[in-house]
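Undergrad: This is the structure I have questions about; it appears just below.
2 protein chains.
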Amino acid sequence: MTADDPTTPDASAASKPGRKNNPEATKQNILDVAREEFANLGFSGGRVDAIAERTRTTKRMIYYYFGSKEGLYLAVLEQAYSDIRRIENTLDLDNLEPEQAIRTLIDFTFDYQEQHEDFIRLVSIENIHRAEHMKDSTVIANLNVTVIDTIGRILDAGRTAGVFRNPISPTDLHLMISAFCFFRVSNRHTFTLIFHQDLAAPDTRARHKAMIADAIISLLKSDGTAPALPPALAM
Amino acid sequence: MTADDPTTPDASAASKPGRKNNPEATKQNILDVAREEFANLGFSGGRVDAIAERTRTTKRMIYYYFGSKEGLYLAVLEQAYSDIRRIENTLDLDNLEPEQAIRTLIDFTFDYQEQHEDFIRLVSIENIHRAEHMKDSTVIANLNVTVIDTIGRILDAGRTAGVFRNPISPTDLHLMISAFCFFRVSNRHTFTLIFHQDLAAPDTRARHKAMIADAIISLLKSDGTAPALPPALAM
DNA sequence: GGCAAAATGTACGAACTAGTACGTTCTCTT
DNA sequence: AAGAGAACGTACTAGTTCGTACATTTTGCC
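Right, here's the structure in full:
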């Protein structure tokens, strides 16, 4: 993507003198700025004019490509979801032993959420809107969630090997992992303020990562109803 | 609070002919309507005019009592937090055996979050705003969080009794419980849409409540680092 | 009973905000 | 090379939204 590549002309040249057309770059530039704006300020709080200003182009182009503020917001959301799904699809956990596979999956989820606060914020915002925008999205509806299948295979392998006794479903397990990782980021600000514990601190992060992994693993090894006590002491 | 109680005159009489002043009722009426508005639409999405319209009084009074849209929003947030803290303070878990106390606490947290979606939404919204309003609140800063002390006593008792081996901190435990209960409500809409599992369904709710309880209990009984395998199999 | 302060109502304005009408430049195709 | 359509820029508008100036009523108190 060099400046003299004829297929991708320098996008900053979308200004007045000697303007070069570059639809894809213009579109992506708008999306990048819009993602930041909406993630920071929400859908209602985000301003189309503010987005346009920080763009290489003008407000006119936002409406040219995305039709409306809502259209732009939805496009941002769709790209954010596409991103995480694409990365999830590269997860190759089938060669690991079940417990290690689960720990690796938790590691990935934890780190991804931690590093993509924008995504977390967009999802929170969309939930505030009761997912009403997402309902209209054919893009998001058609993104198949391979994590669930991945987890399903790991659980099967673990049960066959006799290391997992809990009959938990893949979706429920995913919910549990996501909930913890997501909450740490999404509710960081109020939690830190109330409980005086900085959830963004590196040592806290490491401790929490180990904690959720331990909790999930010991849940999977327990039978799902009775306490996980060694048989000799169970009585 | 009958209509002819002289200390609490009928609040609906705050209209034109034969108007009766009733500052407390007017204030609370505004707060009730505002909570609904902000919980539904967020701070930026909420409209002062819309709130005023659904109130027994006028917009003028919103500014008379709360100064600004932000002041009103903060008052709503403060009351929501005061509510949950007040109820938390009535929790009396010290007479239960440790495991039962933890299960009861989880039960309470789960049910409270489930039944107070408004609170969940307000907290989510405040986190979208990076808790910037809450930072200015002396009210919320001075609400001491007794759950943490409660959990601390339960953990101590459990360790003394030998049922809990995990050295987890009260705050970390609270985080873990809250995360799951909160997420189920806060992210219900996107999760349901993507994973085709209605998180509001009664049977799902019951299953999840049992699941989080089992996970927490087996975490507490494990030693916090090694997998919770019976010694004979641990090798 | 009258007065000062608290409580309330009405009408309006200044600033913001999503969206558009209209015009220009670029680029691809033939 | 020329014409058509895609890509882009400028300036404006109609409607909204927070907030307030101004006027009135109620109520506690001496």
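Quick mapping for you: the protein sequence lines, in order, are chains H and Y.
Counting along the first sequence from 1, when you hit position 159 you're at 1079 in this note's numbering, and nothing is skipped either side.
Counting along the second sequence from 1, when you hit position 94 you're at 1014 in this note's numbering, and nothing is skipped either side.
All C-beta atoms, glycine included, are put in the ideal place defined by N, C-alpha and C.
Predicted model, so just to flag it, every value in this text is computed and none were measured.
List in chain order: all unbroken alpha helix (DSSP H) runs of 4+ residues lying wholly within the region 967–1022 of chain H.
TA: You should have 968–974, 979–986 and 989–1009.
Undergrad: Whose Cβ in chain Y lies nearer than 9 Å to the Cβ of T1066/H?
TA: Going along chain Y, no residue has its Cβ under 9 Å from T1066/H, so there is no contact; the nearest lies around 12 Å.
Undergrad: Using the three-state DSSP reduction, which class does S1142/Y fall into: helix, strand or coil?
TA: DSSP places S1142/Y in coil when its eight states are reduced to three.
Undergrad: State the start and end residues of the unbroken alpha helix (DSSP H) segment that holds R955/H.
TA: Element bounds for R955/H: P943 to G965.
Undergrad: Taking contact to mean at least 3 C-beta pairs separated by less than 8 Å, is the region 1097–1116 of chain H in contact with the region 1052–1063 of chain Y?
TA: Taking 8 Å as the limit for Cβ pairs, the verdict is that the region 1052–1063 of chain Y does touch the region 1097–1116 of chain H.
Undergrad: Between R1104/H and chain Y, is there a C-beta pair that is closer than 9 Å?
TA: Yes, R1104/H counts as interfacial toward chain Y.
Undergrad: Comparing alpha-carbon positions, which option in S1142/Y, S1098/Y and M1054/Y lies nearest A1130/H?
TA: When each option's Cα is compared against that of A1130/H, the closest is S1142/Y.
Undergrad: Any C-beta of chain H sitting closer than 9 Å to the C-beta of L1058/Y?
TA: A quick correction: the sequence has Thr, not Leu, at residue 1058/Y. Chain H, which has no Cβ nearer than 9 Å to the Cβ of T1058/Y, makes this no.
Undergrad: Can you give the Cα-Cα distance for R1073/H and S1106/Y, rounded to whole angstroms?
TA: So the two alpha carbons sit approximately 28 Å from each other.
Undergrad: Less than 9 Å between the beta carbons of E1008/H and H1053/H, yes or no?
TA: Cβ distance not < 9 Å, so E1008/H and H1053/H don't count as in contact.
Undergrad: Among the candidates V996/Y, T975/Y, M981/Y and S988/Y, whose CA atom is the shortest distance from the CA of R955/Y?
TA: Nearest C-alpha to R955/Y: V996/Y.
Undergrad: Report the CB separation of F1100/H from F1100/Y in whole angstroms; it is logged as a contact under 8 Å.
TA: Going by Cβ atoms, the distance from F1100/H to F1100/Y rounds to 7 Å, so yes, they are a contact pair.
Undergrad: Roughly how many angstroms separate the alpha carbons of M981/Y and G962/Y, rounded to a whole number?
TA: Cα-Cα distance, rounded: 21 Å.
Undergrad: With distances taken Cα to Cα, identify the nearest neighbour of D952/H among L992/H, D1118/H, S988/H and E1017/H.
TA: Checking every option, the nearest Cα to that of D952/H belongs to L992/H.
Undergrad: Do L1139/H and L1139/Y have their beta-carbon atoms positioned less than 9 Å apart in this structure?
TA: The answer is yes: Cβ separation under 9 Å.
Undergrad: Answer yes or no: does any C-beta atom of chain H fall closer than 9 Å to that of I982/Y?
TA: Closer than 9 Å: no.
Undergrad: Which class does A1061/H belong to by DSSP, given the choice of helix, strand or coil?
TA: A1061/H: helix per DSSP, three-state reduction.
Undergrad: According to DSSP, simplified to helix, strand and coil, what is A1120/Y?
TA: Coil.
Undergrad: Mind listing the chain H neighbours of T1091/Y? Cutoff is C-beta to C-beta under 8 Å, in chain order.
TA: Within chain H, the residues near T1091/Y are F1115 and Q1117.
Undergrad: Decide if the region 1028–1047 of chain H is in contact with the region 1071–1089 of chain H; the criterion is three or more beta carbon pairs, one per stretch, under 8 Å apart.
TA: Taking 8 Å as the limit for Cβ pairs, the verdict is that the region 1071–1089 of chain H does not touch the region 1028–1047 of chain H.
Undergrad: DSSP state of R1085/H, grouped into three classes?
TA: Coil.
Undergrad: On a CA-only basis, which of F986/Y, Y985/Y and E998/Y is nearest T1110/H? Give me that one, please.
TA: The residue with the shortest Cα to Cα distance from T1110/H is E998/Y.
Undergrad: Do I1202/H and E1019/H have their C-beta atoms closer together than 9 Å?
TA: The first residue shown for chain H is 921 and the last is 1155, placing residue 1202/H beyond what the model contains.
Undergrad: Taking all protein chains shown into account, do 16 or more other C-beta atoms lie within 10 angstroms of the C-beta of T977/Y, making it buried, or fewer, making it exposed?
TA: Looking at its Cβ environment, which holds 16 or more other Cβ atoms inside 10 Å, T977/Y is buried.
Undergrad: Have a look at K947/H, D969/H and I1071/H and flag the residue whose alpha-carbon is nearest the alpha-carbon of M1096/H.
TA: Taking only the C-alpha atoms, the option nearest M1096/H is I1071/H.
Undergrad: Quick one, which of L1075/H, R1125/H and F986/H has its alpha-carbon nearest P943/H's?
TA: That would be F986/H, whose Cα lies nearest to the Cα of P943/H.
Undergrad: With burial defined as no fewer than 16 other Cβ atoms inside 10 Å of the residue's Cβ, what is the status of S988/Y: buried or exposed?
TA: The residue in question, S988/Y, is exposed, as its Cβ has fewer than 16 Cβ neighbours within 10 Å.
Undergrad: At a CB-CB cut-off below 8 Å, which residues of chain Y make contact with S964/H?
TA: In chain order: L961, G962, S964 and G965.
Undergrad: Along the chain, where does the alpha helix (DSSP H) containing D1038/H start, and where does it finish?
TA: That run of the alpha helix (DSSP H) goes E1037 to I1048.
Undergrad: If you drop the 5 nearest sequence neighbours on each side, which residues of the same chain put their C-beta closer than 6 Å to that of F958/Y?
TA: Closer than 6 Å at the Cβ level, and outside the excluded window around F958/Y, lie G966, Y993 and V996.
Undergrad: Excluding the 5 residues flanking L1013/H on each side, which residues of the same chain have their C-beta closer than 7 Å to its C-beta?
TA: Excluding sequence neighbours, L1013/H sits near A1021, T1024, L1025, T1070 and I1074.
Undergrad: Beta-carbon of Q1111/Y versus every beta-carbon of chain H: anything under 9 Å?
TA: In the sequence on display, residue 1111/Y carries Phe and not Gln. True, the Cβ-Cβ gap to chain H drops below 9 Å.
Undergrad: So which residues on chain Y does E1046/H lean against when the C-beta distance must stay under 8 Å?
TA: The contacting residues are H1109 and T1110.
Undergrad: Of all the options V1043/H, A1135/H, S1002/H and N949/H, which has the alpha carbon lying nearest to the alpha carbon of E973/H?
TA: Of the candidates V1043/H, A1135/H, S1002/H and N949/H, the one whose C-alpha sits nearest the C-alpha of E973/H is N949/H.
Undergrad: Counting only C-beta atoms, is N1086/H closer than 9 Å to chain Y at any point?
TA: Yes, N1086/H lies at the interface with chain Y (some Cβ there is under 9 Å from its Cβ).
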